[in-house]
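Here the structure comes first, spelled out in structure tokens, and everything after it is commentary.
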Amino acid sequence: MLLSFNKIGYLVKILVKIKRYNVAPILKQTNVSPMVYTLIRLIPIPKKRKFKHEHIGKRLTMMLESISPFSIKFGQVLATRPDIVGDDIAEYLANLHDNVTYISFKKIKRIIEKDLGKPVTELYRSIEEIPIAAASIAQVHRATTIQGDQVIIKVIRPKVEEKFRSEFKTIRWVAKVIECVSPAKTQRLRFQESINEIERTVYRELDLRLEGSACYEMAENFANDSGVKIPKIHWLLVSKNVLTQEYIAGERIDNLLAIKKFNLTPDSVLKNLAEMIFKMIYRDGFFHADLHPGNVLITESGDIGLLDFGICCRLSKDTSVNLLKSFAGTLKNDYKASAQAHYDAGWVPKDTNIDDFAQALRSIALPILELPQEEISIAKLLTQMFKITEQFNMETQPQLLQLQKTMLVTEGVGRKLNPNVNMWLLAEPIIMDFIKEKQSPKNIAKEVKSELYASLLESKAMISNINELSENLNKKLSEKSKHHKYGKNNFISNLILIIIAVLLLKLIL
Ligand SMILES: Nc1ncnc2c1ncn2[C@@H]1O[C@H](COP(=O)(O)OP(=O)(O)O)[C@@H](O)[C@H]1O
Ligand SMILES: [Mg+2]
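Residue numbering for the sequence shown follows the numbering used here, beginning at 131 and increasing consecutively.
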């Protein structure tokens, strides 16, 4: 129970940061913590002027970046939960960068040797001592295998697991405290659930064998596709803390200069990206759910290079089919069909009135579909669909939320590369070919035995008129109207409370 100057200093630093980055106003918007808001207001330090006109999401991102590796990881996981923080803030949080200093090669060497059980000289021909990337969980080095293959070695930083476990312990305690002071019950439940989710995600990322296995599965799925490059895993050089995989030469996908240098066009890159996403989600039902531009490369030959399979998600075939049905219903102005797809999928309770639900779907879809084509966002459509589901007393499934986030991040890349096109339209030919092929008598006969495709057969009627669907899509996407914004800030105030309470706890322990 000793108070130390360090801890007091740290606490003061955080409170000052909240004030300087002007993140506190968000506390006022909720009824969670008027006390903390007042406390921060009283700190006699001016807000940074340069942040004055920045969005709250940007200010929060900068604040988290400046606190600790843990707060960065926390923010990065939150970025994957637009349902909690709102789309706009999630989009900002997705840009959180770890600014951690890298650890010495001596320590990295020790981890590799301990995990793989041999001196590094027997495992690799050479390893570059300066890492190409260093983040809060892992560090990445380029290397050459004994056989001469160019690889990267990803190594988990020492003691990360212990540190995260102790921080989570503290956070759980804080969550309980917040439960006592927070007046809104649903908010409290959501808060606990979010911490669970964040904890699960972080622990999955702490075992690199799982990442290697996800990467391998994705590579198998894309084995016969051109345009996508997925690193080959060197399994004899893999352990819980060490992952060795093929080096992929390329640049970040949102690097417009690199795209030009490679003699590619933003549209060709976007088309490739949209096709890949479509295949991952609808064809394979297994998708990369952390597609921020740092994890996606563009190679000189125009291939999309996928990295970092720490967060991947599965969608069952019938979920995919119901999603397709739901979208198709929406685009065909047949909201009842769309509502029925939600009902069949079990995304709304069985006692839901389908007409009421169809009406609600129409009310959220039309303001989006009336937008100019380049602004129409599938991610926003999904977000709104899931919000409606919540209103009908149903929790949205985590994999659907990950799907929504994947769409959101991808559309962000799309806007950066070419704000004047809708990237999904670029992939329309392949999407339509895919649906047509799925309906071919040969394929239906092949699949009809399986229960999964019984539902696809059912949906045959829905997708039978491809031309009509295509026409409707084009028509909707070419109509114009105004922009539409929304956001959700409650969780942010809880996040700030956590940071403060963690520090308070450090003071008294
Ligand atoms: N197979 C690879 N080929 C080339 N560069 C890679 C590869 N894997 C990782 N990198 C580089 O290292 C960075 C960090 O790797 P990543 O797996 O994304 O780690 P983290 O989980 O810390 O984000 C990537 O953004 C990329 O620049
Ligand atoms: Mg990464």
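Cβ atoms here follow ideal geometry from the backbone N, Cα and C, with glycine treated the same way.
Counted within 10 angstroms of its Cβ, other Cβ atoms place residue i as buried (16 or more) or exposed
i, result
"Asp481", "exposed"
"Gln375", "buried"
"Trp365", "exposed"
"Leu533", "buried"
"Val358", "buried"
"Thr168", "exposed"
"Arg150", "buried"
"His183", "exposed"
"Pro176", "exposed"
"Pro396", "buried"
"Ala116", "No statement about residue 116 is possible, as the shown extent of the chain runs from 131 to 639 and does not include it."
"Leu251", "First, the residue type needs correcting, since residue 251 is Thr and not Leu in the sequence shown. Its Cβ having fewer than 16 others within 10 Å, Thr251 is exposed."
"Pro261", "buried"
"Lys236", "exposed"
"Ser623", "Note that Ser623 scores 46 on pLDDT, short of 50, meaning its location in the model is unreliable; the coordinates nonetheless yield the value given after this. Per the 10 Å Cβ criterion, buried."
Helix, strand or coil at residue i [DSSP, three-state]
i, result
"Val230", "coil"
"Thr429", "coil"
"Tyr254", "strand"
"Arg492", "helix"
"His183", "coil"
"Phe439", "coil"
"Thr395", "coil"
"Val153", "coil"
"Glu335", "helix"
"Thr275", "strand"
"Ala641", "The structure shown has nothing for residue 641, since the chain only spans 131 to 639."
"Ile219", "helix"
"Phe416", "strand"
"Lys362", "coil"
"Lys590", "Here the model assigns Lys590 a pLDDT of 47, short of 50, so the residue's position is not dependable and the matter cannot be decided."
"Val451", "helix"
"Ile434", "strand"
"Val290", "helix"
"Lys284", "strand"
"Ala263", "strand"
Contacting residues, own chain, Cβ-Cβ under 7 Å from residue i (five flanking each side not counted)
i, result
"Leu530", "Phe516"
"Lys147", "Met193, Ser196 and Ile197"
"Leu421", "Thr536, Val539 and Thr540"
"Ile202", "Leu194, Glu195, Leu226, Asp228 and Ser266"
"Asp474", "Asn452"
"Ser398", "Gly432"
"Pro249", "Glu243"
"Ile518", "Ala490, Leu491 and Ile494"
Own chain residues within Cβ distance below 8 Å of residue i, not counting five before or after
i, result
"Ala591", "In this prediction, Ala591 scores a pLDDT of 45, lower than 50, which makes its location untrustworthy; no coordinate-derived value is stated."
"Thr191", "Gly205, Tyr222, Leu223, Asn225 and Leu226"
"Val368", "Leu338, Arg339, Gly342 and Thr374"
"Leu394", "Ile428 and Gly432"
"Lys178", "Arg150, Tyr151 and Asn152"
6 Å CB neighbourhood of residue i in its chain, flanking five on each side removed
i, result
"Ala495", "Thr460"
"Leu700", "For residue 700 there is no data in the structure shown, the boundaries of the chain being 131 and 639."
"Arg492", "Tyr465"
"Met348", "Ile360"
"Lys362", "Glu376"
Presumed contact (8 Å Cβ cut-off) between residue i and residue j, rounded CB distance
i, j, result
"Ala268", "Val285", "6 Å"
"Leu344", "Cys442", "Looking at the sequence itself, residue 344 is Ala, so the reference to Leu does not match. Sure, about 4 Å apart at Cβ, within 8 Å."
"Arg339", "Lys390", "Arg339 to Lys390, Cβ: 39 Å. No contact."
"Glu335", "Gly440", "4 Å"
"Pro288", "Ile241", "6 Å"
"Glu505", "Asn550", "Going by Cβ atoms, the distance from Glu505 to Asn550 rounds to 10 Å, so no, they are not a contact pair."
"Asp245", "Val372", "5 Å"
"Asn351", "Phe416", "6 Å"
"Ile282", "Val270", "5 Å"
Residue ranges of each alpha helix (DSSP H) within the segment 466-553, 4 or longer:
Those alpha helix (DSSP H) runs which fall completely within the segment 466-553 and span 4+ residues are 484-499, 508-521 and 528-547.
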